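Peer 1: Numbering (my numbering), first residue to last: 74 to 315. Don't be surprised by glycine CBs; every beta carbon is placed ideally from N, CA and C. Since we're looking at a predicted model, the values are computed, not measured.
#1: With distance defined between alpha-carbon atoms, name the residue in 230, 243 and 281 nearest to residue 173.
#2: Closest by CA to residue 301, which one among 248, 270 and 217?
#3: What's the gap between the Cα of residue 296 and the Cα of residue 158?
#4: Can we say the segment 247-256 touches the segment 269-284, given the rule of at least three CB pairs closer than 8 Å?
#5: Could you have a look at residue 309 and say whether DSSP puts it in helix, strand or coil?
#6: Hey, quick one: how far does the alpha helix (DSSP H) through residue 206 stretch, first residue to last?
#7: Could you tell me the distance, in whole angstroms, from the CA atom of residue 181 to the CA atom of residue 199?
#8: Taking the alpha helix (DSSP H) that residue 227 falls in, what are its first and last residues?
#9: In its own chain, which residues sit with a C-beta less than 6 Å from the C-beta of residue 43, not counting the 5 before and 5 after it?
#10: Given a cut-off of 7 Å on the beta-carbon distance, is the pair residue 166 and residue 178 in contact?
#11: Could you pull out every residue in the same chain whose Cβ sits closer than 8 Å to the Cβ of residue 183, ignoring the five residues on either side in sequence?
#12: How about residue 258 and residue 291: do their beta carbons lie closer than 7 Å?
#13: Out of curiosity, what's the CA-to-CA distance linking residue 133 and residue 249?
#14: With a threshold of 6 Å on Cβ separation, who are the neighbours of residue 131 within its own chain once the five nearest residues in sequence on each side are excluded?
#15: So what does DSSP say about residue 143, is it helix, strand or coil?
#16: Any idea if residue 308 is buried or exposed, counting beta-carbon neighbours within 10 angstroms, 16 or more meaning buried?
#17: Could you tell me if residue 204 is buried or exposed, where buried requires 16 or more neighbouring beta carbons within 10 angstroms of its beta carbon?
#18: Based on Cα-Cα distance, which residue from 280, 197, 175 and 264 lies nearest to residue 219?
Right, dumping it as structure tokens:
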């Protein structure tokens, strides 16, 4: 079969996703590459559901954010994300590309999130996400703790889920610096109801502690409580006056 590169990728994606045997991380990378090439090269006819993914470009954008967070030395996620082409046993990875990209697409690259959309460049989104996680790390991860649940699935989903409320306040302030994010988060933690206050302590996020055993329903409740605290009068008032 004599196919050019883009046709080979499309053929591979169609065959393997239809048979449900392709790794989601590989699928994300192929869709991302097709999105980047679509404006410059002739593309074959794709199934409608794949074409929608390619046209939206979410995989390409999310993948670039993940690659930045994983390779930028100042990033809290530096070396912690196992990419699709990495050895399963390589490095200090705490989460895989598939989970991170899916989380970004579900919670961050959505219309409800102020830093989403075409008006935001990928470079800006990369820096905002890095500052966001830097602030989270400063508050909730002790310097010697290399196994914090913050950098696993539960931490990722909780703080990405709460991010629309947090980024809305930062957008209103026109200030996404890590110090500003940290102050806003600390104010929000102070306004949490008693039953959720534990989430504001590093001990909550230690391996084997409360965060390790949370299911998705519980994570949503904590994320909602944090978002509500962000919107509370005292948190908003203090943050704006900083």
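Peer 2: Considering the structure as presented:
#1: 230
#2: Checking every option, the nearest Cα to that of residue 301 belongs to 270.
#3: The alpha-carbon of residue 296 is positioned some 32 Å away from that of residue 158.
#4: no
#5: Low confidence applies here, because residue 309 scores a pLDDT of 46, under 50, leaving its location unreliable; read the following figure in that light. Assigned with DSSP and collapsed to three states, residue 309 falls in helix.
#6: 195-213
#7: Near 12 Å, if we compare the C-alpha coordinates of residue 199 and residue 181.
#8: 226-246
#9: Examination of residue 43 is not possible in this model, given that the chain is present from 74 through 315 alone.
#10: no
#11: Closer than 8 Å at the Cβ level, and outside the excluded window around residue 183, lie 189 and 237.
#12: no
#13: 23 Å
#14: 178 and 182
#15: Residue 143 falls in the helix class under three-state DSSP.
#16: Caution applies to residue 308, whose pLDDT of 42 falls short of 50 and renders its modelled position unreliable; the model cannot decide the point.
#17: buried
#18: 280
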